[in-house]
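Residue numbers (this note's numbering), protein chains in the order written: chain A, 2 to 514; chain B, 13 to 396.
Data first, discussion second: the structure below is written as structure tokens.
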Amino acid sequence: MSAPAIELRNITKTFGSIVANKDICLKVNRGEILSILGENGSGKTTLMNIIYGIYYPDHGQIFIDGKETVIRSPKDSYEHKIGMIHQHFKLVDVFSAAENIILGMDDGERYNLKKSTEKIRAICNEYGFKIDPNKKIYEMSVSEKQTVEIVKALYRGADILILDEPTAVLTPQETDRLFSVLRKMKENDKSIIIITHKLHEVMSISDKVAVLRKGEYVGTLVTKETNETELTEMMVGKKISLDIDRSDPVDPKERIIVEGLTCENQEGVKMLDNVSFTAYSGEILGIAGIAGSGQKELLEAIAGLQKINAGKITYNNPKTGVPEELRGKTPRQIRDLGVRLSFVPEDRLGMGLVGNMDLTDNMMLRSYKKGKTMFLERNEPRKLAKKVVDDLEVVTPGISTPVRRLSGGNVQKILVGREIASSPTVLMAAYPVRGLDINSSFLIYNLFSEQKEKGAAVLFVGEDLDVLIELCDKILVLSSGSVTGLVDARTATKEQIGLLMAKNAEGGERNVG
Amino acid sequence: MSADKAKKAHEPLFHVVKRNSMPLWKAWLIRLAAVLAALVVCGIIIVTVTGENPFAMYKTMFVGAFGTTRRRWSLLQDLAMLLCISLAVTPAFKMKFWNIGAEGQVLIGGLATASCMILMGDKVSPYVLYPVMIITSMLAGALWAVIPAIFKAKWNTNETLFTLMMNYIAIQLLSYFSFIWSNPKGSGKIGIINASSHAGWLPQIGGNKYLFNLLVVLAITIFMYVYLKYSKHGYELAVVGESENTARYAGINVKKVIIRTMLLSGAICGIAGLLLVAGANHTVSSNAADGRGFTAIMVSWLAKFNPIFMILTSLLLVFLDKGATEISTTFSLNDSFSEILSGIIIFFIIGCEFFINYKIKFREKAKPAPAAEPQSVEKEGEGS
């Protein structure tokens with residue numbers, strides 16, 4: 002038997018203290034499709050970027066056709082006939098498909114668009130692609146753009162194709178078409194690595210499945226010999242007990258009622274589709290889902306930062322008892338209504354804080370308007386900054402240090418500290434413990450539990466199912482912008498949530514557990 | 013053997029690492045070293061190209077800038093004008109609004125001043141004339157700046173191109189009015205306005221022509237320092253400059269801030285035009301701003317938008333300019349040579365910021381290549 006087309010041995014990559022990949026081993030033969038399966042942050046994309054030469058691994062070796070190979074840059078990977086189709090396409094909008102395909106290619110031949118176009122047509126006929134080489138990229142649909150990317154890789158003679166979540170942007174019909182093309186490539190002895198979260202796609206397309214979990218390699222299975230349940234278990238892992246204190250909700254009342262919420266992004270793709278749920282005071286509502294299932298849009302819609310196409314968001318003011326409609330209001334208008342809504346966004350330094358400003362100035366980001374004069378009042382923020390530093394044990398040279406100089410965990414403590422200081426009635430947080438060490442994470446969990454006991458409605462978007470199950474009271478599961486389930490966190494299992502996360506919204510009924 | 017070679021080759025020769033922070037004294041030491049290095053490089057060029065003594069040339073620069081009382085006052089006047097325009101563009105750039113239209117905003121402010129002086133100069137009392145001059149010049153500058161701002165806020169047009177184009181409109185308008193109001197008639201130039209009555213000329217303090225301008229600019233410097241550091245407006249524009257997402261999150265009306273900031277920026281440019289026309293030149297022409305609208309951008313960035321530091325950076329640029337002119341006359345070289353020297357010095361000063369913000373790490377086992385620098389020893393790195 003010949004050597005595998007590509008083999009990875011003990012690949013390890015760390016970013017600072019975070020281990021993105023640890024001792025990963027993979028093997029793909031010629032004419033084989035390997036799926037890489039894993040939750041968010043399990044290191045799939047990092048691994049693919051290593052193969053493609055965007056990152057260089059700290060340890061480990063890559064073998065191509067049995068020979069050890071060093072891939073330092075995407076150029077090296079081209080030379081080893083590796084092609085990558087990124088999640089976000091790398092095409093020049095104003096160029097035609099053919100121009101994009103030959104762009105930057107140095108095959109020693111003169112620039113000859115006509116000849117290249119013929120070659121592109123030949124590739125298209127061989128695999129059954131349908132694209133017009135002369136069409137400009139900006140006139141193309143997402144699926145056409147993806148096709149251009151694939152043809153680009155093939156045109157350059159790629160034998161090993163890596164596709165990073167290729168189906169995330171496709172309709173089911175387009176996915177089927179893509180898969181039939183992939184199967185044809187497989188017949189032509191190409192090796193394909195496909196990253197996906199969707200279990201049914203793994204089952205239908207791949208020969209083997211490699212599972213990653215939290216940067217570690219769990220194992221490789223032959224697709225025919227496994228099933229979705231086994232894969233989910235491998236992906237989410239055994240339940241780990243975290244010992245998070247969880248009190249029972251006291252006197253829960255309807256605080257935020259979301260009805261039929263629908264949001265579209267700029268391309269008109271529905272990021273949220275008819276989402277309805279209720280968040281109660283004194284409860285933590287966990288929101289689970291694969292990255293990009295609409296979690297960000299959901300929180301931003303409630304915070305007044307996202308354009309809403311349809312639906313209602315009602316807030317029941319606990320002081321006055323008056324229901325207020327939040328849709329169509331700016332963050333300032335929401336605050337002026339007396340809604341004490343705190344929001345810890347996912348993008349800490351790009352949205353929640355100003356990196357170049359010091360702790361004091363960041364403390365007043367949401368309250369700087371206070372006071373009647375045109376001058377800033379820095380005494381209160383300064384006191385608050387000191388208090389947050391003391392209470393949350395922030396490691397910083399002082400309160401006049403720019404926030405960007407602090408480590409990730411400390412940045413997050415500043416942000417959460419500020420948001421909690423306003424004694425919110427609604428507290429929303431997106432991935433608040435991402436990149437944080439265990440101690441800081443627990444500190445954040447405890448702060449959220451404290452807010453819940455004080456009667457706030459807490460919305461917690463998380464990626465670690467163990468945490469969601471132990472911290473939250475209820476868990477709402479989103480998949481591709483739709484609600485696929487609402488479960489009681491006290492009785493739910495990881496497998497149950499994992500399956501809901503991977504579920505196709507169209508097919509499934511709403512599961513209530 | 014070949015595999016071994018390939019492994020060695022994987023790590024690049026050196027890579028650039030962002031520094032966390034650097035003590036202030038060390039940063040200034042680097043800047044000082046940069047100036048010295050620039051002088052050495054200039055010296056080499058002076059000797060090889062002209063054969064002159066570089067020290068004599070540096071001395072000439074000082075004499076050119078500070079040599080006589082008249083020169084010192086002229087230096088201060090140029091410093092004040094450059095600083096004023098720099099202060100004007102600072103809020104815009106701090107908001108990351110690339111206002112390269114200060115030139116036009118100053119010109120149109122100057123034109124507005126001149127029009128008041130010409131049309132009303134001898135007809136109304138000074139108590140009416142001065143307020144009208146001040147208001148029209150500020151309004152004109154603000155108008156020139158706010159048009160691109162509105163388009164940016166409403167339709168997200170590119171402010172760089174827009175403000176640049178506004179410069180050309182201002183220049184053409186000035187040429188047109190230079191013809192209409194030419195004095196003597198037909199010369200195509202506006203001569204000294206109200207040469208006999210001095211109507212609309214800014215007052216001289218203690219018989220000094222430039223002192224009034226200096227005081228006005230000093231007041232604007234203090235105002236701008238307070239505005240940027242202690243006012244809510246200053247805070248808002250800093251947040252918008254850092255990230256529009258953060259600004260929206262904080263409930264800041266981004267459009268309003270853009271428009272308001274540009275109104276201010278343009279109004280101060282208008283004042284600069286007023287000072288130039290009514291305070292110093294008493295005439296106006298299409299090169300009245302003399303490229304300061306662009307130099308001001310450099311002053312502002314070099315000082316990291318701190319109005320107090322901007323006094324130093326504008327002094328540096330004005331000094332180089334004056335010194336360079338003196339060199340070319342004393343040593344009978346052409347202008348280009350002195351501009352080369354200024355260019356080298358500015359290049360080093362700007363370039364040294366790189367070494368303040370980043371450090372260069374060399375590969376651990378550097379091969380006997382140009383990389384054999386002392387730094388390569390202290391590198392810890394991974395060496396497998």
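The C-beta atom is built at its ideal place from N, Cα and C for all residues, glycine as well.
Distance from A422/A to L385/A at the Cβ level is roughly 6 Å; contact confirmed, criterion being Cβ atoms closer than 8 Å.
Counting only runs of at least 3 residues, the stretch 255-292 of chain A fully encloses the following beta strand (DSSP E) elements, listed from N- to C-terminal order: 255-265, 271-281, 285-289.
Of the other Cβ atoms in all chains shown, 16 or more fall within 10 Å of the Cβ of N22/A; this residue is therefore buried.
Under DSSP, L213/A forms a beta bridge with Y218/A. Among the CB atoms of chain A, none fall inside 9 Å of the CB of T80/B.
Around the beta carbon of K153/A, 16 or more other beta carbons sit within 10 angstroms, so the residue counts as buried. Per DSSP, the unbroken beta strand (DSSP E) holding L27/A starts and ends at 19-29. According to the DSSP assignment, Q117/B belongs to the alpha helix (DSSP H) that extends over 114-132. If the five residues before and after S442/A are omitted, its C-beta is found closer than 7 Å to the C-beta atoms of V434, all from its own chain and listed in chain order.
In the three-state reduction of the DSSP assignment, M93/B falls in the helix class. At least one CB of chain B lies nearer than 9 Å to the CB of N357/A.
The Cβ neighbour count for R82/B, taken over all protein chains shown within 10 Å, is under 16; the residue is labelled exposed. At least 9 Å separates the beta-carbon of S209/B from that of K201/B.
Interface annotation, E248/B: in contact with chain A, CB-CB separation under 9 Å.
The contact set of T331/A on chain B, defined by CB atoms closer than 9 Å, consists of R260, G263, N265 in chain order. For the pair I120/B and G285/B, the CB atoms are nearer than the 9 Å cut-off. Non-local beta-carbon contacts of E166/A in its own chain, meaning distances under 8 Å to residues more than five positions away in sequence, involve Q88, I196, T197, H198 in chain order. Around E254/B, the beta-carbon contacts reaching into chain A at under 8 Å are V355, G356, N357, M358.
In this structure, the CA atom of K388/A is about 52 Å from the CA atom of S78/A. Assigned with DSSP and collapsed to three states, T70/A falls in strand.
Under DSSP, the beta-bridge partners assigned to P403/A are D359/A.
Under the three-state reduction of DSSP output, T485/A falls in the strand class.
With a cut-off of 8 Å on Cβ pairs, the stretch 89-96 of chain B is in contact with the stretch 286-306 of chain B, counting three or more such pairs.
Per DSSP, the continuous alpha helix (DSSP H) segment holding P138/B begins and ends at 138-167. Sequence-distant Cβ neighbours of E471/A in its own chain, meaning closer than 7 Å and more than five residues away, are L243, I245, R247. Between the stretch 205-225 of chain B and the stretch 255-270 of chain B, the count of C-beta pairs closer than 8 Å stays below three; the two stretches do not touch.
When the Cα atoms are used, G269/A and V276/A turn out to be separated by approximately 17 Å.
Under the DSSP definition of a beta bridge, T15/A partners with V20/A.
L275/B and D337/A have their C-alpha atoms roughly 28 Å apart. In the structure shown, I132/A falls within a coil segment according to DSSP collapsed to helix, strand and coil.
Take the alpha-carbon of R184/A and the one of S205/A: they are about 11 Å apart.
Interface flag for F376/A against chain B is set, since a Cβ pair is found closer than 9 Å.
Contact of G399/A with chain B is not assigned, every C-beta pair being separated by 9 Å or more. Inter-residue distance for V427/A and K308/A is about 20 Å (C-alpha atoms, whole angstroms). Comparing alpha carbon positions, the residue from G116/B, P143/B, V118/B, E115/B closest to C128/B is P143/B. Setting aside the 5 residues that flank it on each side, Q62/A is surrounded in the same chain by R10, E69, each with a C-beta closer than 6 Å to its C-beta; the list follows chain order.
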